[in-house]
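Numbering (our numbering), first residue to last: 15 to 217.
Where is the CB? At the ideal position from N, CA and C, for every residue including glycine.
Since the model is a prediction, treat every value here as computed from it, not as a measurement.
See structure below.
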């Protein structure tokens with residue numbers, strides 16, 4: 015009887031140790047999973063102008079032929095959204111971008127930009143209702159911001175300073191630009207990589 019009791023206690027303790035080890039393993043896996051699913055921001059490359067730098071001041075013409083000044087101290091906070099009529103992700107995001115801008119900053123000016131001929135964009139502009147806002151065809155604008163991948167967004171403040179920029183493939187990527195602006199960092203990735211006591215901010 016005593017031997018059986020000892021054996022059962024030993025087995026019980028072995029079970030407790032095994033369960034404790036299992037809990038530790040699970041906790042570690044949860045930590046790894048949390049890192050993998052941490053908020054992913056818009057991908058920022060080495061292209062310029064960088065967040066914190068002055069954007070080039072350019073005069074362009076919108077779809078209606080009206081002059082539009084982008085950059086410089088014009089007092090208009092602006093989101094530049096670079097797209098292509100041949101980009102399927104751009105097509106998905108086009109109806110989402112105005113909603114995000116309205117929710118994040120009702121006074122923000124949205125400028126959607128592409129390049130190419132007016133003829134090849136006419137049906138596309140009409141299909142997506144882009145004639146109701148600021149739509150610009152300008153290769154110069156894309157080159158000034160060194161846009162190499164699409165869809166791409168650049169967030170400017172009213173003083174013409176780039177506050178955030180990056181490749182945006184999802185609504186979350188776009189929202190991350192506004193989050194970066196609120197936190198005064200170049201990107202969400204930069205914020206996550208910093209320690210809790212790091213108070214560096216974009217100039």
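Please list, in chain order, all residues of the same chain as residue i whose beta carbon is under 6 Å from its beta carbon, the five residues on each side excluded.
i           : result
residue 99  : 135 and 138
residue 123 : 90 and 92
residue 118 : 192
Check this for me: beta carbons of residue i and residue j, under 9 Å apart or not?
i           : j           : result
residue 55  : residue 202 : yes
residue 63  : residue 194 : no
residue 180 : residue 191 : yes
residue 82  : residue 125 : yes
residue 96  : residue 144 : no
For residue i, does the count of other Cβ atoms within 10 angstroms reach 16, so buried, or fall short, so exposed?
i           : result
residue 25  : exposed
residue 33  : exposed
residue 102 : exposed
residue 148 : buried
residue 84  : buried
residue 170 : buried
residue 49  : For residue 49, the predicted model reports a pLDDT of 40, less than 50, meaning its position is unreliable; a value from the coordinates is still stated below. Answer is exposed; the Cβ neighbour count stays below 16.
For residue i, collect the residues of the same chain with a Cβ closer than 7 Å to its Cβ; drop the 5 residues on either side in sequence, then sort them by chain order.
i           : result
residue 129 : 151, 152, 153 and 156
Round the Cβ separation of residue i and residue j to the nearest angstrom and send it over; I've been treating them as touching at under 8 Å.
i           : j           : result
residue 167 : residue 188 : 6 Å
Within its chain, find whatever has a CB closer than 8 Å to the CB of residue i; leave out the 5 residues flanking it on each side and keep chain order.
i          : result
residue 46 : A caution first: residue 46 carries a pLDDT of 40, below 50, which makes its placement in the model too unreliable to give a value.
Open item on the list: Under 8 Å, with one C-beta from each stretch per pair, do the segment 59-76 and the segment 158-172 reach the 3-pair mark?
Closed with: yes
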